[in-house]
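Engineer: Submitted below is the structure of interest, expressed as structure tokens.
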Amino acid sequence: MCGRYTITKKAEEIEKRFEARISAESFEKKWNAAPSNLLPIITNHEPQIIQQYKWGLIPGWAKDEAIGFNTINARVESVTEKPAFKFAFTKQRCLVLADGYYEWKKIGKEKIPYRITLDDGALFAMAGLWEKWTNPQGQITHSFSVITLPAPHKIAHIHDRMPAILSRINEQHWLENDLSDDERIELLQPPAEKYLGFYSVSKQVNSATNEGPDLIKPHNYSVQGSLF
DNA sequence: CCAGACGTTGTT
DNA sequence: GTCTGG
DNA sequence: CCAGACGTTGTT
DNA sequence: GTCTGG
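Structure (structure tokens):
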């Protein structure tokens, strides 16, 4: 799946790469983007701007926002059918901007965090869905979810699911409003394995309140004499 | 028709 | 908003 | 995703 | 065990 990621490039570089302007007054690099954080995305409604939405999708009909704890990801295998995602899949898609994501590999009782990158750390977009939710007091929350799919062999040994990283050409197609469900699902394919890289990192990343460049430094673990 | 639910991940 | 269960 | 918190009653 | 917070 995808429960933590990075977006560490300069604002200027992100704007140039995605041909969109950052709308937020404050924009900060994230070495530990976590669920419930406000994070940069591009919606199909306003593809010319980069906005900050809350990670954990709250459908417009939700009674409260608690559902967002379980909607940080949407499975590609069922996203067109699940009530929580169906409307957003048809009408409210987005690009979730990143340059790496974390997965925890289970080795016995141990959980080792890894960072997975594309092209040695290049910016990429994950396929996402967004929603607008209004609470009983009339306050509005904009939120999003990241679509997941089966991980290819090269990284499946770390974790068997991964975020739907879009090929560059498909980024614009994902935001188009006139495709069929089948055509959209076809856009969601894992990158070629040769472009994927991974390395283990410090457990500093475990706590969502930790931040900073140190989190993405390679860190080796010694378990029973072997290095991980 | 109305009422009630609506999610993902893991199980190394 | 949309589906399933009754 | 991981970390951290987690409850009610009555006031013998 | 299960939920909330980040």
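Numbered according to the working numbering, the first sequence spans residues 2 to 229.
Think of the CB as a built atom: it goes at the ideal place given N, C-alpha and C, for glycine as much as any other residue.
What you are looking at is a predicted structure, and each value in this text was computed from that prediction instead of being measured.
Compute the Euclidean distance between the alpha carbons of residue 78 and residue 106, then round it to the nearest angstrom.
Structural biologist: Taking the first residue of the first sequence as 1, we reach residue 78 at position 77. Taking the first residue of the first sequence as 1, we reach residue 106 at position 105. Approximately 23 angstroms between the Cα atoms of the pair.
Engineer: Whole alpha helix (DSSP H) runs in the region 12 to 69 with 4 or more residues, listed along the chain?
Structural biologist: 12 to 19
Engineer: Check whether the Cβ atoms of residue 150 and residue 126 sit closer than 7 angstroms, and answer yes or no.
Structural biologist: Here residue 150 refers to the residue found at position 149 when the first sequence is read from its first residue. Here residue 126 refers to the residue found at position 125 when the first sequence is read from its first residue. Against a cut-off of 7 angstroms, the Cβ pair of residue 126 and residue 150 comes out as no contact.
Engineer: Under three-state DSSP, which class holds residue 136?
Structural biologist: Here residue 136 is taken as the residue at index 135 of the first sequence, counted from 1. In the structure shown, residue 136 sits in coil (DSSP, three-state: anything other than H, G, I, E or B).
Engineer: Let me confirm a value: residue 100 is counted as buried when at least 16 other C-beta atoms fall within 10 Å, else exposed. Which label applies?
Structural biologist: Counting from one through the first sequence, the residue named residue 100 turns up at place 99. Result: buried.
Engineer: Excluding the 5 residues flanking residue 194 on each side, which residues of the same chain have their C-beta closer than 6 angstroms to its C-beta?
Structural biologist: As a first step, residue 194 is located in the first sequence; it is residue number 193 there, counting from the start. Close CB contacts of residue 194 within its chain, under the 6 angstroms cut and outside five residues either way in sequence, are with 153 and 155 (chain order).
Engineer: Please determine, among 62, 123 and 145, the residue with the shortest C-alpha to C-alpha distance to residue 17.
Structural biologist: Reading the first sequence from its first residue, position 16 is the one you call residue 17. For the residues 62, 123 and 145, the minimum Cα distance to residue 17 belongs to 123.
Engineer: Does DSSP put residue 130 in a helix, a strand or coil?
Structural biologist: As a working note, residue 130 is residue 129 in the first sequence. Looking at residue 130 - three-state DSSP - the assignment turns out to be strand.
Engineer: Do residue 175 and residue 94 count as a contact pair if the criterion is CB distance below 7 angstroms?
Structural biologist: Numbered from its first residue, the first sequence carries residue 94 at position 93. Numbered from its first residue, the first sequence carries residue 175 at position 174. It is a contact, given that the beta carbons lie within the stated cut-off.
Engineer: Taking the alpha carbon of residue 73 as the reference point, which residue from 142, 147, 82 and 43 has its own alpha carbon closest?
Structural biologist: Taking the first sequence and counting its residues from 1, the one referred to as residue 73 is at position 72. Closest option to residue 73, Cα to Cα, is 147.
Engineer: In whole angstroms, what separates the C-alpha of residue 37 from that of residue 3?
Structural biologist: The residue labelled residue 37 in the question sits at position 36 within the first sequence. The residue labelled residue 3 in the question sits at position 2 within the first sequence. Looking at the two C-alpha atoms, the distance is approximately 13 angstroms.
Engineer: Could you tell me whether the Cβ atoms of residue 159 and residue 98 are closer together than 7 angstroms?
Structural biologist: Residue numbering aside, residue 159 sits at position 158 when the first sequence is read from its first letter. Residue numbering aside, residue 98 sits at position 97 when the first sequence is read from its first letter. No, they are not a contact pair.
Engineer: Give, in chain order, every unbroken run of the alpha helix (DSSP H) that is at least 4 residues long and sits entirely within the region 139 to 221.
Structural biologist: Counting only runs of 4 or more residues that sit fully inside the region 139 to 221, the alpha helix (DSSP H) segments are 154 to 157, 169 to 176 and 182 to 188, in chain order.
Engineer: State the Cα-Cα distance for the pair residue 43 and residue 5, rounded to the nearest angstrom.
Structural biologist: Your numbering for residue 43 matches position 42 in the first sequence. Your numbering for residue 5 matches position 4 in the first sequence. Approximately 18 angstroms between the Cα atoms of the pair.
Engineer: Just checking my contact of residue 119 with residue 86 at CB under 8 angstroms: how many whole Å lie between their CB atoms?
Structural biologist: Here residue 119 is taken as the residue at index 118 of the first sequence, counted from 1. Here residue 86 is taken as the residue at index 85 of the first sequence, counted from 1. Contact flag wrong, Cβ pair sits at about 25 angstroms.
Engineer: Please confirm whether residue 33 and residue 202 have their CB atoms less than 7 angstroms apart.
Structural biologist: Within the first sequence, numbered from 1, the residue matching residue 33 stands at position 32. Within the first sequence, numbered from 1, the residue matching residue 202 stands at position 201. Between residue 33 and residue 202, the C-beta gap is not smaller than 7 angstroms, which leaves the two residues out of contact.
Engineer: Going by DSSP in three states, residue 10 sits in which element: helix, strand or coil?
Structural biologist: Numbered from its first residue, the first sequence carries residue 10 at position 9. Residue 10 falls in the coil class under three-state DSSP.
Engineer: Go ahead and pull the three-state DSSP assignment for residue 85.
Structural biologist: Position 84 of the first sequence, counted from the start, is the residue given in the question as residue 85. In this structure, residue 85 counts as helix in the three-state DSSP scheme.
Engineer: Looking at the secondary structure, which residues open and close the beta strand (DSSP E) in which residue 75 lies?
Structural biologist: Taking the first sequence and counting its residues from 1, one reaches residue 75 at position 74. Run containing residue 75: 74 to 76, per the beta strand (DSSP E) assignment.
Engineer: Who pairs with residue 97 in a beta bridge, going by DSSP?
Structural biologist: Here residue 97 refers to the residue found at position 96 when the first sequence is read from its first residue. For residue 97, which the question treats as bridged, DSSP gives the partners 42 and 127.
Engineer: Below 7 angstroms CB to CB, which residues in the same chain sit around residue 46 once its five sequence neighbours on both sides are set aside?
Structural biologist: To locate residue 46, count along the first sequence from 1; it is residue 45. Closer than 7 angstroms at the Cβ level, and outside the excluded window around residue 46, lies no residue.
Engineer: Tell me whether the beta-carbon of residue 144 lies closer than 7 angstroms to the beta-carbon of residue 213.
Structural biologist: Here residue 144 corresponds to residue number 143 of the first sequence, with the count starting at 1. Here residue 213 corresponds to residue number 212 of the first sequence, with the count starting at 1. No. Outside cutoff.
Engineer: Hey, out of 168, 186 and 164, whose CA is closest to residue 104's CA?
Structural biologist: Looking up residue 104 in the first sequence gives position 103. Of 168, 186 and 164, the residue nearest in Cα terms is 164.
Engineer: Expressed to the nearest angstrom, what Euclidean distance is found between the alpha-carbon atoms of residue 133 and residue 141?
Structural biologist: The residue you call residue 133 lines up with position 132 of the first sequence. The residue you call residue 141 lines up with position 140 of the first sequence. Cα-Cα distance, rounded: 7 angstroms.
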